[in-house]
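>
Residue numbers (this note's numbering), protein chains in the order written: chain V, 1 to 248; chain E, 1001 to 1574.
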């Protein structure tokens, strides 16, 4: 069976071709690929698409000057989140188009379609999605909508391309490490938040449910209590149980 | 034309558009070209002027000189892009326009079917006036047809652009000489209420040296006109062209193409002061034209009534004169001769006074000139307007187009009894969002107009065209879109016309939107709340994507609508 592919395409990309669509590729035209929110892409994946193709204009050409740069940051975070969910990061692909490109969009779509076919269909596209996976996807989506991640993405260019008031410039690698850390942190936090929403859980239970080390969970719980995302519900014996608080 | 009544607010424009005398929306059509919308791009150009193909070939392109990209590398090849959109449209996508219904009954007469006259006719026809253009020659087009040689501007291109104007319902009467066949009085009797004189400058200036009456001395305009008409002009083997403007270059190149063995251009200043287009000069050099700078003719020596040689004096450059160029001063005892058969005088042109009603002429100046208001183009006789070369002296097509547009506006106001001056002065502010030119990526020029046509078979042609179109689109991406949002396109539904909106109750003043907006359209106000400048916002939506509190949404394309676009068509989704 052919994989279902969601394609977000910049209005200014591949304009010369009448994009003929094969039935398995659904295209949403957006003003600029920088417009595509990582949360939207995750929403598409949660709705059963096997893979996502992001089509933008080849740098350095962008009608909106930096839209493709922003799209690159988005794609970076998306790949990270998708692998945290437990899917292959190859399911998110960033594709550059240029007027001088000889090949048509269809060519690339087919190529990507084949790549995905070898990966098989996404676990999210099954009729009965694993409840754990459901929580993971939701956590990823929430993480992508989170304040911290969005601010950081918005500041990436500022931080890596220009010097700050102290004349310092952040090396891109350092920034990427920071971004990975934050993506991971946000993901775990939102996961804990979702898990503790229904009933109070202990660190041990949370560690089991998410497959993480208890130390990581505890660290995040401390953070979350400070951020008013989580509160101590009650203590069972010597084990404290936590429950999520409503965030705004 | 002034669209909003508020004259205090300056209309913001990118540098290319504000440099263009006809105010062509360059940024608009270049943006359309990025998306491969060739046909729509021509429509955008036609909103401002009727000659995309002609200007795409021979305009001196002040837009490119002003292009903001010159701060980074080279200007965007605006002229070449205009040429290709016009050519693609003409050859492939032209739909014959429907005549515009006549909204008004007052008739307008335009004298002279050159660029100024035709533009005025075009603009007035668009407004709904019955317009008649009177032309002395057999074909309309004026200098575009008769003075620009075929190798620079093909005649069929001129005919085609004029055909478009005719199709809109403009009546062009050729072979009618004003002053002889018709006069202002006779036209008034026929019901014409407003007149626009755009007769141009048809007489070549004289050299004013002894020997000028010899056989073999001809003015550049006459020479070019005769060649264009297909008349035989005897030029011999050696030709000297006096002057340094575009007509001089055209005359020199034409002479070479007519078979002259040796063609020289004699110019009294140096290379830098030459008014001709640098690329034309280059092409002339390639054709084998020789340039002699800092020489001026002193006399023409004849033999049996025919030109035998031209005697010249060397010059040196003195202080700059009122035109800003350095004044040439003759060096005494530097006389020398060139053996030539023909002397072509390309020193400039003067108007023919015979076709101008006597009351219009300004008697106070030595050279014939018209008394006109430079803003409204009114003459001292009510209802009569004049513009183009006849008013300004020989200039360019695009300046004539600008004059034609202004005349059309004036005539429209005059016929409706409105104030001619109110809100007319150009309230234009050059505006670019780029703050730091150093941060802009360098991109080399990627496309230029072909100098020679490739020889292709029928099958190859389609492929060649596709490639050229792609190259042009690639070049269009070099445009920074440095001006404010290219307006108008949204009205034509060619662009999304999306704008960011800030929800004040959600904004926390984090500055992220200010940092991501590529155009600096978002600024925080004194309450630390983000404000969107709608002129600068181009609707990319990056701010909406990055806003951590989701306080910014887009007017048209919301996140939900993007998701729906995907899900609505999805059968495979759950």
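The beta carbon of each residue, even a glycine, is placed where N, CA and C say it ideally should be.
Quick check on this structure: which residue in V:62, V:208 and V:169 has the alpha carbon closest to the alpha carbon of residue 11 (chain V)?
As a first step, residue 11 (chain V) is located in the first chain; it is residue number 11 there, counting from the start. The shortest C-alpha separation from residue 11 (chain V) is found at V:62.
> For the region 46 to 57 of chain V, which residues have a beta carbon sitting closer than 7 Å to at least one beta carbon of chain E?
When C-beta distances to chain E are compared with 7 Å, the residues of the region 46 to 57 of chain V below that value are 47, 48 and 49, in chain order.
> For residue 91 (chain V), decide whether its Cβ has a neighbour in chain E, counting only Cβ atoms nearer than 7 Å.
By 1-based counting over the first chain, the position of residue 91 (chain V) is 91. No, no contact with chain E.
> What ranges does the alpha helix (DSSP H) occupy inside the region 1212 to 1259 of chain E, keeping only unbroken runs of at least 4 residues that lie completely in it?
Contiguous alpha helix (DSSP H) elements confined to the region 1212 to 1259 of chain E occur at 1220 to 1229 and 1246 to 1258, taking only those with 4 or more residues.
> Does the separation of the CB atoms of residue 39 (chain V) and residue 8 (chain V) fall below 7 Å?
On the first chain, residue 39 (chain V) is found 39 positions in, with the first residue counted as 1. On the first chain, residue 8 (chain V) is found 8 positions in, with the first residue counted as 1. No, these two residues do not count as a Cβ contact at 7 Å.
> At a Cβ threshold of 7 Å, is residue 26 (chain V) touching chain E?
Counting from 1 along the first chain, the entry for residue 26 (chain V) is found at position 26. So yes, residue 26 (chain V) belongs to the interface.
> Which residues in chain E have a C-beta closer than 8 Å to the C-beta of residue 153 (chain V)? List them in chain order.
The sequence position of residue 153 (chain V) within the first chain is 153, counting from 1. The contacting residues are 1546.
> Below 9 Å between beta carbons is the criterion; list the residues of the region 33 to 45 of chain V that meet it against any residue of chain E, in chain order.
Residues of the region 33 to 45 of chain V with a C-beta less than 9 Å from any C-beta of chain E: 34, 35, 36, 37, 38, 39, 40, 43 and 44, listed in chain order.
> Between which two residues does the alpha helix (DSSP H) holding residue 1118 (chain E) run?
In the second chain, counting from the first residue as 1, residue 1118 (chain E) sits at position 118. Where residue 1118 (chain E) is concerned, the enclosing alpha helix (DSSP H) stretches over 1115 to 1127.
> Unbroken beta strand (DSSP E) runs of length 3 or more, entirely within the region 1456 to 1528 of chain E: which are they?
Counting only unbroken stretches of 3 or more residues, the beta strand (DSSP E) elements lying wholly within the region 1456 to 1528 of chain E are 1500 to 1502 and 1522 to 1524, in sequence order.
> Give me whichever residues DSSP pairs with residue 1267 (chain E) in a beta bridge.
Counted from its first residue, the second chain places residue 1267 (chain E) at position 267. According to DSSP, which records beta bridges pairwise, residue 1267 (chain E) is partnered with E:1293.
> Measuring CB to CB, does residue 1483 (chain E) end up less than 7 Å from residue 1021 (chain E)?
On the second chain, residue 1483 (chain E) is found 483 positions in, with the first residue counted as 1. On the second chain, residue 1021 (chain E) is found 21 positions in, with the first residue counted as 1. No. Outside cutoff.
> To the nearest angstrom, how far is it from the Cα of residue 1058 (chain E) to the Cα of residue 1166 (chain E)?
Here the question's residue 1058 (chain E) lines up with position 58 in the second chain. Here the question's residue 1166 (chain E) lines up with position 166 in the second chain. Approximately 22 Å, taken between the alpha carbons.
> Apply the 10 Å Cβ neighbour rule to residue 1271 (chain E) and answer buried if 16 or more other Cβ atoms are within range, or exposed otherwise.
Here residue 1271 (chain E) corresponds to residue number 271 of the second chain, with the count starting at 1. The residue in question, residue 1271 (chain E), is exposed, as its Cβ has fewer than 16 Cβ neighbours within 10 Å.
> Can we say the region 116 to 124 of chain V touches the region 85 to 99 of chain V, given the rule of at least three CB pairs closer than 8 Å?
yes
> Taking the alpha helix (DSSP H) that residue 184 (chain V) belongs to, which residues open and close that run?
Your numbering for residue 184 (chain V) matches position 184 in the first chain. That run of the alpha helix (DSSP H) goes 172 to 198.
> Hey, which unbroken runs of the beta strand (DSSP E) at 3 residues or more fall wholly within the region 1384 to 1431 of chain E?
1384 to 1386 and 1428 to 1430
> Does the ligand FAD have a heavy atom nearer than 6 Å to the CB of residue 1125 (chain E)?
Because no ligand of any kind appears in the structure shown, any question about the ligand FAD cannot be addressed here.
> Spatial neighbours of residue 1446 (chain E) within its chain, please: C-beta separation below 7 Å, excluding the five flanking residues on both sides.
Numbered from its first residue, the second chain carries residue 1446 (chain E) at position 446. Taken in chain order, the residues that qualify are 1471, 1474, 1475 and 1478.
> Is the region 1335 to 1346 of chain E close to the region 1231 to 1247 of chain E, with three or more CB pairs under 8 Å?
yes
> Excluding the five sequence neighbours on either side, which residues of its own chain have a C-beta within less than 6 Å of the C-beta of residue 32 (chain V), listed in chain order?
Translated into positions along the first chain, residue 32 (chain V) becomes position 32. Excluding residues within five positions, the ones whose Cβ falls inside 6 Å are 10, 64 and 67.
> Give the secondary structure of residue 1321 (chain E) by DSSP, where H, G and I count as helix, E and B as strand, and everything else as coil.
Taking the first residue of the second chain as 1, we reach residue 1321 (chain E) at position 321. In the structure shown, residue 1321 (chain E) sits in coil (DSSP, three-state: anything other than H, G, I, E or B).
> Assign residue 1574 (chain E) to one of two classes, buried (16 or more other C-beta atoms within 10 Å of its C-beta) or exposed (fewer than that).
Mapped onto the second chain, residue 1574 (chain E) falls at position 574. Low local confidence applies: a pLDDT of 38 at residue 1574 (chain E) is under 50, so the model's placement there is unreliable, with the coordinate-based value given in what follows. That one is exposed.
> How is the beta strand (DSSP E) around residue 1339 (chain E) delimited, first residue to last?
The count along the second chain starts at 1 and reaches residue 1339 (chain E) at position 339. Unbroken beta strand (DSSP E) run through residue 1339 (chain E): 1336 to 1339.
> Any beta carbon from chain V within less than 7 Å of residue 1540 (chain E)'s own beta carbon?
The count along the second chain starts at 1 and reaches residue 1540 (chain E) at position 540. By this cut-off, residue 1540 (chain E) is an interface position.
> Between which two residues does the beta strand (DSSP E) carrying residue 57 (chain V) extend?
Taking the first chain and counting its residues from 1, the one referred to as residue 57 (chain V) is at position 57. Its beta strand (DSSP E) spans residues 51 to 57.
> What does residue 97 (chain V) pair with, by DSSP beta-bridge criteria?
In the first chain, counting from the first residue as 1, residue 97 (chain V) sits at position 97. The partner list for residue 97 (chain V) (beta bridge, DSSP) reads V:57.
> Measuring straight from C-alpha to C-alpha, what distance separates residue 1526 (chain E) and residue 1508 (chain E)?
As a first step, residue 1526 (chain E) is located in the second chain; it is residue number 526 there, counting from the start. As a first step, residue 1508 (chain E) is located in the second chain; it is residue number 508 there, counting from the start. C-alpha separation (whole angstroms): 13 Å.
> By the criterion of Cβ-Cβ separation under 8 Å, what are the contact partners of residue 96 (chain V) in chain E?
The sequence position of residue 96 (chain V) within the first chain is 96, counting from 1. Going along chain E, no residue has its Cβ under 8 Å from residue 96 (chain V), so there is no contact; the nearest lies around 12 Å.
> Which residue marks the beginning of the beta strand (DSSP E) containing residue 1329 (chain E), and which one marks its end?
As a working note, residue 1329 (chain E) is residue 329 in the second chain. From DSSP, the beta strand (DSSP E) with residue 1329 (chain E) extends over 1326 to 1330.
> Under 7 Å between beta-carbons, which chain E residues line up against residue 31 (chain V)? List them in chain order, please.
Translated into the one-based positions of the first chain, residue 31 (chain V) becomes position 31. Going along chain E in sequence order, the residues near residue 31 (chain V) (Cβ under 7 Å) are 1496, 1498, 1539, 1540, 1541 and 1557.
> For the beta strand (DSSP E) that residue 1554 (chain E) lies in, which residues bound it at each end?
Here residue 1554 (chain E) refers to the residue found at position 554 when the second chain is read from its first residue. For residue 1554 (chain E), the enclosing beta strand (DSSP E) stretches over residues 1552 to 1554.
> At 3 residues or longer, what runs of the beta strand (DSSP E) sit wholly inside the region 1132 to 1184 of chain E?
1171 to 1173
> Taking DSSP as the reference, what is the three-state secondary structure of residue 1543 (chain E)?
Taking the first residue of the second chain as 1, we reach residue 1543 (chain E) at position 543. Note: residue 1543 (chain E) maps to helix in three-state DSSP.
> Give the C-beta separation of residue 1349 (chain E) and residue 1144 (chain E) to the nearest angstrom, bearing in mind that I take them to be a contact with Cβ-Cβ under 8 Å.
Stepping through the second chain from its first residue, residue 1349 (chain E) is reached at position 349. Stepping through the second chain from its first residue, residue 1144 (chain E) is reached at position 144. Not quite, the Cβ-Cβ distance comes to about 14 Å (not below 8 Å), so this is no contact.
> Is the shortest distance between the beta-carbon of residue 280 (chain V) and the beta-carbons of chain E less than 7 Å?
Here chain V comprises residues numbered 1 to 248, so residue 280 (chain V) is not present and cannot be evaluated.
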